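One structure is given here, and the rest of the page talks about it.
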Amino acid sequence: MKIYDTQNMTSFAHHSRGITAYNKTKPEICENILNLYKTKYIDFNFIHFKEKLIENEKIKISYSVLYNLMSLN
1 MKIYDTQNMT SFAHHSRGIT AYNKTKPEIC ENILNLYKTK YIDFNFIHFK EKLIENEKIK
61 ISYSVLYNLM SLN
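Printed below as a string of structure tokens:
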């Protein structure tokens, strides 16, 4: 707060700004998931696809991460 008061700052940057999250899904896993959906599981909905990823491909991913990944691509 001393810096805020003495230098007339109006905002602060968060201390973890610019640092990648420790639990971020690796790009190669994302590419693999997208490739599997486009080739092997093309007619599956996201929930069924997520189940098949766990059962057949041994890839564990949350539904929200899967949904965001599929929505962006």
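Counting with our numbering, you get residues 1 to 73 for the letters of the sequence shown. We put the CB at the ideal spot given by N, CA and C, even for glycine. Every value quoted in this text rests on a predicted model; they were computed, and no experiment measured them.
So for residue i, helix, strand or coil by DSSP?
{"i": "residue 25", "result": "coil"}
{"i": "residue 39", "result": "helix"}
{"i": "residue 49", "result": "helix"}
{"i": "residue 62", "result": "coil"}
{"i": "residue 33", "result": "helix"}
{"i": "residue 71", "result": "helix"}
{"i": "residue 19", "result": "coil"}
Using CA atoms only, rank isn't needed, just tell me which of the options is closest to residue i.
{"i": "residue 69", "options": "19, 13, 36 and 18", "result": "36"}
{"i": "residue 50", "options": "62, 39 and 40", "result": "62"}
{"i": "residue 58", "options": "39, 29 and 42", "result": "29"}
{"i": "residue 64", "options": "40, 42, 24 and 55", "result": "24"}
Measure the Cβ-Cβ separation of residue i and residue j and say whether it is below 8 Å.
{"i": "residue 44", "j": "residue 52", "result": "yes"}
ask   = So does the region 23-41 actually touch the region 57-71, counting three or more Cβ pairs closer than 8 Å?
value = These segments touch.
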